[in-house]
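**Q** Chains as they are written, first to last, in the working numbering: chain A, 1 to 233; chain B, 1 to 233.
Protein chains: 2
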Amino acid sequence: MSDCDACLVRNRAICSALSADELAALSKLGRKQMVQRGQTLVWEGDEALVVANVIQGVLKLSVSTADGREQIVGVVFPSDFIGRPFGKESPYGVTALTEAEVCIFTRSAFDGFAKDHPDLQHKLLQRTLDELDRARQWMMLLGRKTASERIATLLLEMSNRLGSSSCAAIAPFLDAFDLPMDRQQMGDVLGLTIETVSRQLTKLKDADMIELPDRRRVVIKDRRRLEQLASAA
Amino acid sequence: MSDCDACLVRNRAICSALSADELAALSKLGRKQMVQRGQTLVWEGDEALVVANVIQGVLKLSVSTADGREQIVGVVFPSDFIGRPFGKESPYGVTALTEAEVCIFTRSAFDGFAKDHPDLQHKLLQRTLDELDRARQWMMLLGRKTASERIATLLLEMSNRLGSSSCAAIAPFLDAFDLPMDRQQMGDVLGLTIETVSRQLTKLKDADMIELPDRRRVVIKDRRRLEQLASAA
DNA sequence: CGGCGAGTTGAACGTAATCAATTGTCGTGG
DNA sequence: CCACGACAATTGATTACGTTCAACTCGCCG
């Protein structure tokens with residue numbers, strides 16, 4: 001439908017592979033949609049009927065066990081792509097961590113369009129490869145890093161991803177930002193409990209590596225030491 | 001170069017997207033190569049100069065920290081694709097767990113060929129999406145499962161993947177197989193120590209869920225209970 | 001028979017989980 | 001504006017799971 005020209009992620013999302021008229025054709029297949037905090041776009045195990053581009057906001061991809069343990073397996077930022085094109089049920093749920101805006105398509109419509117647009121698939125492939133690399137780095141974190149190393153890594157990752165998804169060109173990373181998640185969700189990303197997250201944050205604060213002005217805000221005071229801690233010296 | 005027609009993974013590897021003459025063209029760009037157990041094909045952090053298809057054998061993808069901790073972030077079986085096409089240094093190393101045979105290409109040659117063959121890229125995209133799903137399932141394991149749940153999951157995963165990569169059509173999974181890795185490597189996949197792996201295997205044996213005739217062999221005696229344990233009741 | 005490496009088993013320890021209480025923050029209504 | 005309630009976060013005490021360190025067993029090859 002709408003004015004993709006004015007889209008906030010026009011140059012970064014996979015749409016950037018398309019020419020003006022291709023873009024117009026694609027936009028007819030989808031629509032913009034607001035998603036409020038906590039709302040689930042796709043349920044774990046359901047057939048994945050939709051895919052989407054994130055325009056604004058942050059969403060989580062999560063998996064849970066029968067007895068209720070949850071693991072967040074991905075965090076999605078503006079310009080990122082959501083969903084499982086070309087078949088398959090979604091092995092994870094997609095839920096908004098903050099209020100968000102997405103450009104949403106039915107999977108069948110998107111698949112059909114993608115089939116005829118190799119450049120789009122190429123972009124999607126690159127994005128998926130990047131996402132896979134990120135997932136694997138996170139596997140190292142979950143399998144082998146200590147609690148404090150995990151926290152340090154998360155803070156730096158957030159600093160980077162929020163940095164590059166915001167005013168971009170200026171800052172590759174941010175020294176002060178608001179976490180798009182609460183303590184429980186940090187635990188779910190890191191494979192830790194809420195109490196451990198809290199304790200480790202306090203430790204980093206006491207060591208003057210960070211400040212925590214309020215429950216969401218983080219200020220990085222000593223990036224060097226934080227990086228040293230994160231990469232598991 | 002060679003007789004792709006006779007290739008063991010002809011119908012399952014990404015090459016299956018290609019017609020006979022396309023295949024002939026691609027095969028001129030690569031060559032078959034044996035890799036012996038323990039040999040590293042790509043080093044972590046090096047520029048990824050090669051990509052490959054696995055014909056025979058099993059390889060690991062691994063990441064390690066400065067102080068020597070290792071995490072295996074992927075295990076690659078026959079017909080799987082190895083490498084990071086389209087730029088970037090490889091964020092993980094690739095090392096043979098068993099003697100292996102691969103069909104290897106320089107990245108530049110492969111990239112050039114792939115650029116003109118959307119069907120190949122499509123296959124590659126599907127494979128990468130599957131790999132990403134698997135990585136995310138493994139994140140759940142590493143972040144939230146207990147030691148015994150992890151071991152059970154690994155045994156079932158091996159049963160499945162060895163099953164479908166072998167005589168295939170007959171068995172979707174195997175009840176008896178040889179692990180393509182030692183205890184240390186199992187630990188590196190599961191984010192556990194060698195001692196914990198050993199103890200948990202003994203427990204499963206004592207509970208009559210499995211047998212361990214020798215150090216590599218596993219026989220699944222009670223798949224039901226093993227599955228129940230793995231999926232974290 | 002001896003030596004080596006892989007694997008198992010045992011005992012003590014430590015990190016993070018669990019259980020529980022307290023503090024802090026935000027939104028609502030008096 | 002403050003009091004209240006609900007929820008998020010912190011802090012504390014205890015427990016438990018997996019790690020660490022160490023001894024021992026097994027299978028294999030010289």
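We put the CB at the ideal spot given by N, CA and C, even for glycine.
Note that the structure is a prediction, hence the values are computed from the model and not measured.
Measuring alpha carbon to alpha carbon, tell me which residue in A6/B, G112/B, K88/B, T193/B is nearest K32/B.
**A** Position 32 of the second sequence holds residue 32/B. The option with the nearest alpha carbon to K32/B is A6/B.
**Q** Whole angstroms is fine: what's the gap from T202/B's alpha carbon to W138/B's?
**A** Locating residue 202/B in the second sequence gives position 202, counting from the first residue. Locating residue 138/B in the second sequence gives position 138, counting from the first residue. T202/B and W138/B: Cα-Cα distance of roughly 23 Å.
**Q** I'd like the ranges of any alpha helix (DSSP H) spanning at least 4 consecutive residues and lying wholly in the region 181 to 228 of chain B.
**A** Entirely contained in the region 181 to 228 of chain B, the alpha helix (DSSP H) runs reaching 4 residues are, in chain order, 183 to 190, 194 to 206.
**Q** In chain order, what are the residue ranges of uninterrupted alpha helix (DSSP H) at least 4 long that sit wholly in the region 115 to 180 of chain B?
**A** Listed in chain order, they are 118 to 144, 147 to 165.
**Q** Run down chain A in chain order and give the residues with a C-beta less than 9 Å from the C-beta of R69/B.
**A** Translated into the one-based positions of the second sequence, residue 69/B becomes position 69. Per Cβ cutoff of 9 Å: M140, G143, R144, K145, A232.
**Q** Look at the alpha carbon of P91/A and the alpha carbon of L132/B, and state the distance between them as a whole number of angstroms.
**A** Position 91 of the first sequence, counted from the first residue, corresponds to residue 91/A. Position 132 of the second sequence, counted from the first residue, corresponds to residue 132/B. About 10 Å.
**Q** Using the Cα positions of D214/B and E149/B, report the straight-line distance between them to the nearest angstrom.
**A** Mapped onto the second sequence, residue 214/B falls at position 214. Mapped onto the second sequence, residue 149/B falls at position 149. C-alpha separation (whole angstroms): 22 Å.
**Q** If I measure Cβ to Cβ from I151/B and keep anything under 6 Å in the same chain, skipping five residues before and after, which residues do I get?
**A** Working through the second sequence from its first residue, we reach residue 151/B at position 151. If we look at I151/B and ignore the five residues flanking it on each side, its Cβ neighbours are Q200.
**Q** Label M1/A either buried or exposed according to how many other C-beta atoms from any shown protein chain fall within 10 Å of its C-beta, with 16 as the threshold for buried.
**A** Reading the first sequence from its first residue, position 1 is the one you call residue 1/A. Its pLDDT being 49, under 50, M1/A is placed unreliably by the model, and the measurement read from it follows with that caveat. By the neighbour-count rule (16 or more Cβ atoms within 10 Å), M1/A is not buried but exposed.
**Q** Taking R84/B as the query, report the chain A residues whose CB atoms sit under 8 Å from its CB, ordered along the chain.
**A** As a first step, residue 84/B must be located in the second sequence, where it is residue number 84. In chain order: L129, D133.
**Q** Between the alpha carbons of A207/B and E227/B, how many angstroms are there, rounded?
**A** Mapped onto the second sequence, residue 207/B falls at position 207. Mapped onto the second sequence, residue 227/B falls at position 227. Their backbone Cα atoms lie some 14 Å apart in a straight line.
**Q** Do you know whose CA, among R161/A, A25/A, V9/A, lies nearest F113/A's CA?
**A** Locating residue 113/A in the first sequence gives position 113, where the first residue counts as 1. Ranking the options by Cα distance to F113/A, first place goes to A25/A.
**Q** Start and end of the alpha helix (DSSP H) containing E22/A?
**A** Your numbering for residue 22/A matches position 22 in the first sequence. Where E22/A is concerned, the enclosing alpha helix (DSSP H) stretches over 20 to 29.
**Q** By a C-beta neighbour count over all protein chains shown, 10 Å radius and 16 as the cutoff for buried, is K28/B buried or exposed?
**A** Counted from its first residue, the second sequence places residue 28/B at position 28. So K28/B ends up on the exposed side.
**Q** What is the rounded straight-line gap between the Cα of Q126/B and the Cα of L125/A?
**A** In the second sequence, residue 126/B corresponds to position 126, counting from 1. In the first sequence, residue 125/A corresponds to position 125, counting from 1. Approximately 9 Å between the Cα atoms of the pair.
**Q** Leaving out the 5 sequence neighbours to the left and right, which residues in its chain are closer than 6 Å to L204/B when beta-carbon positions are compared?
**A** Counted from its first residue, the second sequence places residue 204/B at position 204. If we look at L204/B and ignore the five residues flanking it on each side, its Cβ neighbours are I210.
**Q** Let's test the definition: count the other Cβ atoms within 10 Å of the Cβ of E70/B and tell me whether it reaches 16, buried, or not, exposed.
**A** Taking the second sequence and counting its residues from 1, the one referred to as residue 70/B is at position 70. E70/B comes out buried.
**Q** State the DSSP-derived secondary structure class of F105/A, mapped to helix, strand or coil.
**A** As a first step, residue 105/A is located in the first sequence; it is residue number 105 there, counting from the start. In this structure, F105/A counts as strand in the three-state DSSP scheme.
**Q** What's the C-alpha gap between V58/B and G57/A?
**A** In the second sequence, the residue the question calls residue 58/B occupies position 58. In the first sequence, the residue the question calls residue 57/A occupies position 57. Their backbone Cα atoms lie some 41 Å apart in a straight line.
**Q** Among the residues of its own chain, which have a CB less than 6 Å from the CB of T153/A, if the five just before and after it don't count?
**A** Here the question's residue 153/A lines up with position 153 in the first sequence. Excluding residues within five positions, the ones whose Cβ falls inside 6 Å are L141, A230.
**Q** Is R216/A near L129/B, with beta carbons less than 8 Å apart?
**A** Reading the first sequence from its first residue, position 216 is the one you call residue 216/A. Reading the second sequence from its first residue, position 129 is the one you call residue 129/B. Cβ distance not < 8 Å, so R216/A and L129/B don't count as in contact.
**Q** Who are the Cβ neighbours of V73/A in its own chain at under 6 Å, not counting the five residues just before and after it?
**A** Against the first sequence, residue 73/A aligns to sequence position 73. Once the five neighbours on either side are set aside, the close Cβ partners of V73/A are L61, V63, Y92.
**Q** Can you say whether V219/B is buried or exposed, counting buried as having 16 or more other CB atoms within 10 angstroms of its CB?
**A** Here residue 219/B refers to the residue found at position 219 of the second sequence. When all chains shown are included, V219/B counts as exposed.
**Q** Pick from I14/B, S79/B, L49/B: whose alpha carbon is nearest that of L8/B?
**A** Here residue 8/B is taken as the residue at index 8 of the second sequence, counted from 1. The residue with the shortest Cα to Cα distance from L8/B is S79/B.
**Q** Report buried or exposed for S19/A, applying the criterion of at least 16 other Cβ atoms within 10 angstroms of its Cβ.
**A** Mapped onto the first sequence, residue 19/A falls at position 19. Classification of S19/A: exposed, given that the 10 Å Cβ count is below 16.
**Q** Quickly, what does DSSP pair T40/A with across the bridge? List them, please.
**A** Taking the first residue of the first sequence as 1, we reach residue 40/A at position 40. According to DSSP, which records beta bridges pairwise, T40/A is partnered with T95/A.
**Q** State buried or exposed for A66/B, treating a residue as buried only when at least 16 other CB atoms are found within 10 Å of its CB.
**A** Along the second sequence, one-based indexing puts residue 66/B at 66. Counting Cβ neighbours within 10 Å, A66/B comes out exposed, since fewer than 16 surround it.
**Q** Once DSSP output is grouped into helix, strand and coil, what is the label at A100/B?
**A** By one-based count along the second sequence, residue 100/B stands at place 100. Note: A100/B maps to strand in three-state DSSP.
**Q** Leaving aside the five residues before and after L192/B along the sequence, list all residues of the same chain whose C-beta is less than 7 Å from its C-beta, in chain order.
**A** Taking the second sequence and counting its residues from 1, the one referred to as residue 192/B is at position 192. If we look at L192/B and ignore the five residues flanking it on each side, its Cβ neighbours are A147, R150.
**Q** Alpha carbon to alpha carbon, how far is A48/B from R225/B?
**A** The count along the second sequence starts at 1 and reaches residue 48/B at position 48. The count along the second sequence starts at 1 and reaches residue 225/B at position 225. Distance between the alpha carbons of A48/B and R225/B is about 42 Å.
**Q** Just to confirm my understanding: we take I104/B, look at its own chain, exclude 5 residues before and 5 after, and list those with CB closer than 7 Å. What are they?
**A** Taking the second sequence and counting its residues from 1, one reaches residue 104/B at position 104. These residues qualify, in order along the chain: G30, R31, Q33, V50, A52.
**Q** To which residues does DSSP link N53/B through a beta bridge?
**A** Along the second sequence, read from residue 1 onward, the residue named residue 53/B stands at position 53. Answer is F81/B, C103/B.
**Q** Less than 8 Å between CB atoms is the rule here; does P172/A satisfy it with respect to chain B?
**A** On the first sequence, residue 172/A is found 172 positions in, with the first residue counted as 1. Not an interface residue.
**Q** Which residue comes first and which comes last in the beta strand (DSSP E) that contains I72/A?
**A** Taking the first residue of the first sequence as 1, we reach residue 72/A at position 72. 70 to 76 is the extent of the beta strand (DSSP E) around I72/A.
**Q** For Q184/A, count neighbouring C-beta atoms within 10 Å of its own C-beta (all shown protein chains included) and say buried if the count is 16 or more, exposed if not.
**A** On the first sequence, residue 184/A is found 184 positions in, with the first residue counted as 1. Burial call: exposed.
**Q** Can you tell me which of T106/B, D182/B, R134/B puts its alpha carbon nearest to the alpha carbon of F86/B?
**A** Counting from 1 along the second sequence, the entry for residue 86/B is found at position 86. Taking only the C-alpha atoms, the option nearest F86/B is T106/B.
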